[in-house]
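Just so you know, we're using our numbering here: the sequence shown kicks off at 1 and counts up by one.
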Amino acid sequence: MDIIRWSPLSEIDEFFEEAFRPALPRKMAPAMDVLETDSDIVVITSVAGVKPEDIDITVGDDYVEVMGERREKEEEKKANIYRREISYGSFYRMTKLPKKVDREKADSEFENGILTVTMPKLEGAKPEVKTIKPRVK
């Protein structure tokens, strides 16, 4: 098992960026798990109540984006609502992946409100880093 560096400060930064962003309509962020097997990176997203045709998935070399829309049913629009805890509208979730993946071979399945995106790991792929020296004036 590889050790993956994790910085709790990045999550704190993300929290404050979200909290102080202008008061625009916020998109829902569905729950997401990221797993690593011997050969794949697997991202599992909970999207209950969403039709597969209302979901878009973007896979990059080292990230996955899941976006879509949970639509309100017509009968719910016409009903007198006494409690509303289920959110409707657009949702968006992006996560960085622990390793680079072969985005061309990515695949997805949708079953019982769970979206599973499976991406083969690129063997031997190292993060691309460029080191530079400061230029003296």
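All C-beta atoms in this analysis are idealised placements derived from N, C-alpha and C, irrespective of residue type, glycine included.
Report task. Inspect the CB distances between the segment 44–62 and the segment 94–101 and report whether three or more fall short of 8 Å. Result -> Inter-segment contact for the segment 44–62 and the segment 94–101 is present: three or more beta-carbon pairs are separated by less than 8 Å.
Query raised in the report: What is the DSSP secondary structure of lysine 99, reduced to helix, strand or coil?
Result: Correct three-state label for lysine 99: coil.
**Report entry** Cross-strand partners of lysine 121 (DSSP beta bridge)
**Finding:** Lysine 121 has Val101 as its beta-bridge partners, per DSSP.
Query raised in the report: Measuring CB to CB, does methionine 119 end up less than 7 Å from isoleucine 44?
Result: Using a Cβ distance threshold of 7 Å, methionine 119 and isoleucine 44 do not count as a contacting pair.
Query raised in the report: Would the beta-carbon of alanine 139 fall within 7 Å of that of arginine 83?
Result: One cannot answer for residue 139 here, as it falls past the ends of the chain, which runs 1 to 137.
Query - For glutamate 74, the three-state DSSP class (helix, strand or coil) - result: DSSP places glutamate 74 in helix when its eight states are reduced to three.
Query - For leucine 35: DSSP bridge partner residues - result: Bridge partners of leucine 35: Val42.
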